[in-house]
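Which chain is which? The protein sequence lines are A and B, in order.
Under the numbering used here, the first residue of the first sequence is numbered 4, with each subsequent residue one higher.
Under the numbering used here, the first residue of the second sequence is numbered 4, with each subsequent residue one higher.
The C-beta atom is built at its ideal place from N, Cα and C for all residues, glycine as well.
From a predicted model like this one, the values you see are computed outputs, not experimental measurements.
Report on the structure given below.
There are 2 protein chains.
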Amino acid sequence: MESHRFLFSIFLLVSFICASSSRPVIRLYGDRTRKFLRDDDGLYCESWRFTVETNDAGDWKSIPSRCRQFVEDYMTGDSYRSDSTFVADDSLEFARDVEVAADGHDAWVFDIDETLLSNVPYYQAHGFGLEEFDEKSFDAWVDLADAPALPASLSLYEELQQLGFKIFLLTGRSEHQRNVTETNLRRSGYSNWERLILRSASDQGKPATLYKSERRSELKYEGYRLHGSSGDQWSDLLGFAQAQRSFKLPNPMYYIP
Amino acid sequence: MESHRFLFSIFLLVSFICASSSRPVIRLYGDRTRKFLRDDDGLYCESWRFTVETNDAGDWKSIPSRCRQFVEDYMTGDSYRSDSTFVADDSLEFARDVEVAADGHDAWVFDIDETLLSNVPYYQAHGFGLEEFDEKSFDAWVDLADAPALPASLSLYEELQQLGFKIFLLTGRSEHQRNVTETNLRRSGYSNWERLILRSASDQGKPATLYKSERRSELKYEGYRLHGSSGDQWSDLLGFAQAQRSFKLPNPMYYIP
Numbered sequence: 004m005e006s007h008r009f010l011f012s013i014f015l016l017v018s019f020i021c022a023s024s025s026r027p028v029i030r031l032y033g034d035r036t037r038k039f040l041r042d043d044d045g046l047y048c049e050s051w052r053f054t055v056e057t058n059d060a061g062d063w064k065s066i067p068s069r070c071r072q073f074v075e076d077y078m079t080g081d082s083y084r085s086d087s088t089f090v091a092d093d094s095l096e097f098a099r100d101v102e103v104a105a106d107g108h109d110a111w112v113f114d115i116d117e118t119l120l121s122n123v124p125y126y127q128a129h130g131f132g133l134e135e136f137d138e139k140s141f142d143a144w145v146d147l148a149d150a151p152a153l154p155a156s157l158s159l160y161e162e163l164q165q166l167g168f169k170i171f172l173l174t175g176r177s178e179h180q181r182n183v184t185e186t187n188l189r190r191s192g193y194s195n196w197e198r199l200i201l202r203s204a205s206d207q208g209k210p211a212t213l214y215k216s217e218r219r220s221e222l223k224y225e226g227y228r229l230h231g232s233s234g235d236q237w238s239d240l241l242g243f244a245q246a247q248r249s250f251k252l253p254n255p256m257y258y259i260p
Numbered sequence: 004m005e006s007h008r009f010l011f012s013i014f015l016l017v018s019f020i021c022a023s024s025s026r027p028v029i030r031l032y033g034d035r036t037r038k039f040l041r042d043d044d045g046l047y048c049e050s051w052r053f054t055v056e057t058n059d060a061g062d063w064k065s066i067p068s069r070c071r072q073f074v075e076d077y078m079t080g081d082s083y084r085s086d087s088t089f090v091a092d093d094s095l096e097f098a099r100d101v102e103v104a105a106d107g108h109d110a111w112v113f114d115i116d117e118t119l120l121s122n123v124p125y126y127q128a129h130g131f132g133l134e135e136f137d138e139k140s141f142d143a144w145v146d147l148a149d150a151p152a153l154p155a156s157l158s159l160y161e162e163l164q165q166l167g168f169k170i171f172l173l174t175g176r177s178e179h180q181r182n183v184t185e186t187n188l189r190r191s192g193y194s195n196w197e198r199l200i201l202r203s204a205s206d207q208g209k210p211a212t213l214y215k216s217e218r219r220s221e222l223k224y225e226g227y228r229l230h231g232s233s234g235d236q237w238s239d240l241l242g243f244a245q246a247q248r249s250f251k252l253p254n255p256m257y258y259i260p
């Protein structure tokens with residue numbers, strides 16, 4: 004009898020401990036995670052990158068200063084090329100399943116900067132996104148027409164053309180940059196796009212999401228079937244008149260609303 | 004003469020290699036990246052995770068077998084908790100700027116599985132997503148009502164309530180799981196939600212994006228202002244009647260279309 008009571012007390016004690024510690028055990032994890040986020044730049048910057056690439060971060064003007072080296076390592080090491088290649092592979096896998104019709108209206112939309120062309124040489128000289136965007140110096144870089152192709156995107160671009168897709172280039176660059184943009188695209192290996200769409204005077208100041216949605220909308224109105232859209236910014240992909248599938252390329256250097 | 008012919012053959016061979024590799028300077032990067040993707044599980048799985056979290060991967064049924072350990076390490080180590088915490092912080096930062104009105108119609112929508120509650124104990128016993136989803140065994144786990152809270156989400160949930168948001172829980176779980184779901188939520192620390200919305204009989208078989216968009220649409224029709232929406236699946240967040248801001252939580256274990 005006595006041993007039963009003892010066992011029951013033990014049972015009660017264990018139940019109490021379990022009950023009262025079930026929340027706090029969890030809470031401790033939270034504090035531990037916060038400590039890591041405070042002390043561990045690698046962990047912090049990986050998580051920051053997660054929120055940037057998933058669009059959780061919202062609007063941001065420059066990378067966290069503690070992530071400068073992290074972003075440089077990512078952009079100039081294997082990870083960026085690997086991520087881009089994986090995205091291109093996903094895109095192509097989807098594209099191969101599209102039944103391309105004979106009417107020439109199966110289309111793919113590409114953004115340009117950090118999608119077809121890489122501005123890493125520019126950002127390398129500007130802190131990999133640590134410095135806030137400076138339009139004047141960036142435009143001077145654009146005028147050089149010297150941005151290299153993103154290798155994975157160039158391959159994808161060519162394979163889409165072979166599959167019969169019409170390629171539309173939809174960029175936030177302005178109409179006055181048409182010539183240098185075409186020169187740069189050709190110089191880095193691109194050719195035979197169907198149309199290059201740049202911001203006209205009336206598009207200036209429009210959020211990218213709206214400007215690009217309007218242009219996609221016009222393409223749809225012209226009868227083009229927008230199967231895929233590739234861009235490094237969510238503003239390349241979201242909004243209205245979206246493509247059937249959107250492909251987000253990596254870019255932890257800057258954000259365009 | 005013989006040696007000239009030999010040298011000429013070498014010259015031709017080298018010319019051929021150079022000619023076919025001149026674009027290939029760029030291509031070489033591509034090939035190198037492909038080699039890394041083939042040989043380096045870490046790089047491969049990081050890139051795979053990128054495409055999953057950005058929704059580039061499209062529909063997928065199970066994780067790549069070579070990424071089983073990677074996903075386990077991610078889910079049970081610091082990275083998952085760190086990423087979740089970062090997303091919760093972004094959410095709260097946005098929520099704090101919302102002017103909450105006195106009419107009680109400022110709302111936030113939460114998904115449940117892998118958003119408020121963690122099914123890691125279940126997936127730990129099922130290969131962290133390597134096994135294809137088995138509804139029967141998962142439902143048996145749900146019936147235990149034993150899923151722990153995601154610490155970062157529980158904190159966010161409580162802080163949103165303190166800010167005056169009405170909380171709507173919008174889950175892919177079915178109406179017949181209402182009791183166990185409520186029991187589980189309470190047991191893991193959640194309380195005072197405004198409404199728990201589950202799939203009714205007529206919602207069975209609907210894609211999650213459509214079902215969730217319809218329900219959000221009804222909330223908007225009732226006059227609720229959907230400021231934020233939190234979910235681990237893009238089907239929690241995309242579609243119509245979207246919240247003003249969507250917050251994608253990490254989940255490399257499974258995909259719900």
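Have a look at the DSSP bridge pairing and note the partners of residue i.
i, result
"S249(B)", "S232(B)"
"K169(B)", "A110(B)"
"I200(B)", "L173(B)"
"L120(B)", "D116(B), A152(B)"
Assuming residue i and residue j make a contact with CB atoms under 8 Å, what is their CB distance in whole Å?
i, j, result
"S191(A)", "A150(A)", "7 Å"
"A98(B)", "G231(B)", "6 Å"
"K169(A)", "G234(A)", "Not confirmed; about 17 Å, so no contact."
"A204(B)", "S238(B)", "About 20 Å separates the two Cβ atoms, so there is no contact after all."
"S50(A)", "F89(B)", "4 Å"
"E135(A)", "K64(A)", "5 Å"
"E56(A)", "T54(B)", "With a Cβ gap of about 10 Å, E56(A) and T54(B) do not count as contacting."
"R198(B)", "R176(B)", "No, R198(B) and R176(B) are not in contact; Cβ-Cβ is about 14 Å, not under 8 Å."
"A148(B)", "V183(B)", "5 Å"
Using a 10 Å radius around the Cβ and a threshold of 16 neighbouring Cβ atoms, would you call residue i buried or exposed?
i, result
"G208(A)", "exposed"
"Q165(B)", "exposed"
"P124(B)", "exposed"
"E75(A)", "buried"
"S24(B)", "Model confidence at S24(B) stands at a pLDDT of 38, short of 50, so the residue's coordinates are unreliable; what they give is reported in the following sentence. Counting Cβ neighbours within 10 Å, S24(B) comes out exposed, since fewer than 16 surround it."
"Q247(A)", "exposed"
"C21(A)", "Confidence in C21(A) is poor, its pLDDT being 40 and thus under 50, which makes the residue's placement unreliable; the coordinate value appears in the next sentence. So C21(A) ends up on the exposed side."
"R3(A)", "What the structure shows of chain A is the stretch from 4 to 260, and residue 3(A) is not part of that stretch, so it cannot be assessed."
"Q236(A)", "buried"
"E138(B)", "exposed"
"P154(B)", "buried"
"Y222(A)", "Here the sequence assigns Leu to residue 222(A), which means Tyr is not the residue at that position. With 16 or more Cβ atoms within 10 Å of its Cβ, L222(A) is classed as buried."
"R69(B)", "exposed"
"R181(A)", "exposed"
"L15(A)", "Any answer about L15(A) is weak, because its pLDDT of 46 lies below 50 and its placement is not dependable; what the coordinates show is given next. Classification for L15(A): exposed."
"D109(A)", "buried"
"L31(A)", "Unreliable positioning characterises L31(A) in this predicted model, as indicated by a pLDDT of 41, which lies under 50. The coordinate reading is nonetheless provided below. Label assigned to L31(A): exposed."
"L241(A)", "buried"
"L119(B)", "buried"
"D59(B)", "buried"
Let me check understanding here. Comparing Cα to Cα, which of the options lies closest to residue i?
i, options, result
"L229(A)", "A60(A), E185(A), V103(A)", "V103(A)"
"D62(A)", "D93(B), Y47(B), F141(B)", "D93(B)"
"L95(A)", "S216(A), E225(A), F250(A)", "F250(A)"
"A244(A)", "G167(A), N187(A), T118(A), Y214(A)", "Y214(A)"
"L252(A)", "F171(A), I200(A), V183(A), L159(A)", "L159(A)"
"S156(A)", "S121(A), D44(A), V183(A)", "S121(A)"
"T79(B)", "I259(B), V145(B), Q127(B), F141(B)", "Q127(B)"
"P255(B)", "R176(B), G132(B), D44(B)", "G132(B)"
"Y47(A)", "E56(A), S87(A), T36(A)", "T36(A)"
"R71(B)", "F53(B), E217(B), A148(B), G45(B)", "G45(B)"
"F39(B)", "N187(A), L40(A), D86(A)", "D86(A)"
"F171(B)", "E225(B), T54(B), S68(B)", "E225(B)"
"R41(B)", "A60(B), P67(B), R219(B)", "P67(B)"
"E117(B)", "L147(B), V101(B), R84(B)", "R84(B)"
"S216(A)", "H179(A), D114(A), T186(A)", "D114(A)"
"W196(B)", "G175(B), R202(B), G167(B), H129(B)", "G167(B)"
"V112(A)", "T54(A), I200(A), H179(A)", "I200(A)"
"T174(A)", "R219(A), G130(A), L147(A)", "R219(A)"
"D43(A)", "D206(A), F73(A), V183(A)", "F73(A)"
"D206(A)", "L147(A), H179(A), E185(A)", "H179(A)"
"Y77(A)", "R52(A), P260(A), A91(A)", "R52(A)"
"Y227(B)", "V183(B), S140(B), A105(B), H129(B)", "A105(B)"
Problem - Runs of alpha helix (DSSP H) wholly within the segment 36-85 of chain B (minimum 4 residues, chain order) - result: Counting whole runs of 4 or more residues, the segment 36-85 of chain B contains the alpha helix (DSSP H) stretches 44-56, 71-79.
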